[in-house]
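Peer 1:
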Amino acid sequence: MIDLLKTKIGRLRIIAILEGISLLTLVFIAVPMKYGFDNPAFVKMMGPIHGSLFLLFLFNTLSVGVEQNWKFKETTWKVLLACIIPFGTFYIDRKILSRL
């Protein structure tokens, strides 16, 4: 895990995993607490965290794509699309980012 912090692609992979975990937390813990138990506190806390990680993933993807000279039609669009599709960051980490 420490090795991932040394490269931009490694940091992008960490952000992708954190973004995916934050979505899992929202979908399976925070939203059920909000609607099932009438307790929106966790959604209010996790919503901005997930949003920040989402934006961080977008900006870092573009930064890494430019730095690594990714061809937009081959790699960049797939990585960007992954953060829009629920849990796509886990898939893109395994299929593309781990191989770079």
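Okay, so the sequence shown: first residue is 0 according to numbering that gives the first Met the number 0, each after it adds one. Beta carbons: idealized from backbone N, C-alpha and C, even for Gly.
1) On the three-state DSSP scale, how would you describe N38?
2) Contact defined as beta carbons within less than 8 Å: I believe L116 pairs with G87. What is the distance between those atoms, to the nearest angstrom?
3) Please tell me whether I28 and F41 are closer than 8 Å, where the distance is taken between their beta carbons.
4) Count the other C-beta atoms from every protein chain shown that fall within 10 angstroms of the C-beta of D2, then say buried if there are 16 or more, exposed otherwise.
5) Output the boundary residues of the alpha helix (DSSP H) element that contains F89.
Peer 2: Concretely, from the data shown:
1) The residue given as residue 38 occupies position 39 in the sequence shown. In the structure shown, N38 adopts coil according to DSSP, grouped into three states.
2) This structure leaves residue 116 out entirely; the chain is present only between 0 and 99.
3) Along the sequence shown, read from residue 1 onward, the residue named residue 28 stands at position 29. Along the sequence shown, read from residue 1 onward, the residue named residue 41 stands at position 42. At the C-beta level, I28 and F41 come within 8 Å of one another.
4) Mapped onto the sequence shown, residue 2 falls at position 3. Under this definition D2 is an exposed residue.
5) Position 90 of the sequence shown, counting from 1, holds the residue named residue 89. Per DSSP, F89 belongs to the alpha helix (DSSP H) from G87 to K94.
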